[in-house]
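I have placed the structure first, in the form of structure tokens, so that the comments after it can refer back to it.
Residue numbers (our numbering), protein chains in the order written: chain X, 69 to 182; chain F, 41 to 151.
Spelled out as structure tokens, the structure:
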């Protein structure tokens, strides 16, 4: 089956710890995205990558970091500098990075930091 | 399950009725629009998309209407079923490399 996988589904961390969220796709898509979702709000873009070894900041990149060493993988690190990291994190991919094509979403990771 | 929106606008419809979910988009230059469905605790799922050279597009039980004059997008669901209960998001793109998402509408279907 082709698709996007995110792991784990639930993640718990203590404040002050960095944590890395996994995102893998086997759709052969060039572009990948990370979003954050909070209750009562839409999806906010954290980082995106249109091609391997390149990525751009989204609207709320502070306190997050990413890498794109392989086409299939786009891990997101939530650092201790992120002031309010508890949220639902969604990864997506798209055929191209033009923004004008459907994005396919993974199942999400719920991160809770206490 | 997860709560994706505690204070979202809510549309309540009876099973079998038609549903209309509305979205006011922000940029008159937007040329691509897309609707997603998100069930509690899951990632958004593509429903239908439309480009600005069209006013209407139909899928299976769904129709998207685009009114560029008033920057309005709607999603019509025919014969709404309990499985349609979810949060629905519209998103737009205007010649950038990003989709801009709305805050969503919760659809509740009751028997």
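Ideal placement from N, C-alpha and C gives every residue a C-beta, glycine not left out.
Quiz item: Distance, Cα to Cα, residue 178 (chain X) vs residue 112 (chain X)?
Solution: Position 110 of the first chain, counting from 1, holds the residue named residue 178 (chain X). Position 44 of the first chain, counting from 1, holds the residue named residue 112 (chain X). Between residue 178 (chain X) and residue 112 (chain X), the C-alpha separation is close to 15 Å.
Exercise. Would you mind sorting residue 61 (chain F) into buried or exposed? The rule is 16 or more other CB atoms within 10 Å of its CB.
Key: Working through the second chain from its first residue, we reach residue 61 (chain F) at position 21. Residue 61 (chain F) should be labelled buried.
Quiz item: Can you tell me whether residue 72 (chain X) is buried or exposed, with buried defined as 16 or more other CB within 10 angstroms of its CB?
Solution: One-based indexing of the first chain puts residue 72 (chain X) at position 4. Per the 10 Å Cβ criterion, buried.
Quiz item: Can you tell which of F:150, F:140, F:103, F:149 has the C-alpha that lies nearest to the C-alpha of residue 65 (chain F)?
Solution: Taking the first residue of the second chain as 1, we reach residue 65 (chain F) at position 25. In this structure, F:140 is the residue among F:150, F:140, F:103, F:149 with its C-alpha nearest to the C-alpha of residue 65 (chain F).
Quiz item: Just the Cα atoms here: how many angstroms apart are residue 130 (chain F) and residue 53 (chain F)?
Solution: For the purposes of this step, residue 130 (chain F) is identified with residue 90 of the second chain, where counting begins at 1. For the purposes of this step, residue 53 (chain F) is identified with residue 13 of the second chain, where counting begins at 1. About 19 Å.
Quiz item: Grouping DSSP H, G and I as helix and E and B as strand, with all else coil, what is residue 98 (chain X)?
Solution: Taking the first residue of the first chain as position 1, residue 98 (chain X) is located at position 30. Coil at residue 98 (chain X), not helix or strand.
Quiz item: So, is residue 122 (chain F) buried or exposed, given that buried needs 16 or more other C-beta atoms within 10 angstroms?
Solution: Translated into the one-based positions of the second chain, residue 122 (chain F) becomes position 82. By the 10 Å Cβ count, residue 122 (chain F) comes out exposed.
Quiz item: Along chain X, which residues have their Cβ under 7 Å away from the Cβ of residue 123 (chain F)?
Solution: Numbered from 1 along the second chain, position 83 holds the residue referred to as residue 123 (chain F). Here the premise fails: no neighbours, minimum Cβ distance about 18 Å.
Quiz item: With C-beta atoms as the reference, is residue 50 (chain F) less than 9 Å away from residue 116 (chain F)?
Solution: Indexing the second chain from 1 puts residue 50 (chain F) at position 10. Indexing the second chain from 1 puts residue 116 (chain F) at position 76. Not closer than 9 Å, so no.
Self-check item: residue 43 (chain F) burial status per 10 Å Cβ neighbour count (16 or more: buried)
Solution: Position 3 of the second chain, counted from the start, is the residue given in the question as residue 43 (chain F). Caution applies to residue 43 (chain F), whose pLDDT of 37 falls short of 50 and renders its modelled position unreliable; the value that the coordinates give is listed next. Under a 10 Å Cβ-count criterion, residue 43 (chain F) is classified as exposed, with fewer than 16 other Cβ atoms of the shown protein chains found around its own Cβ.
Quiz item: In chain X, what lies closer than 9 Å to residue 142 (chain F) by C-beta?
Solution: Residue numbering aside, residue 142 (chain F) sits at position 102 when the second chain is read from its first letter. Residues of chain X passing the Cβ test: 110.
Quiz item: Between residue 133 (chain F) and the ligand COA, is the CB less than 8 Å from at least one heavy atom?
Solution: With respect to the ligand COA, the structure offers nothing, as it holds no ligand at all.
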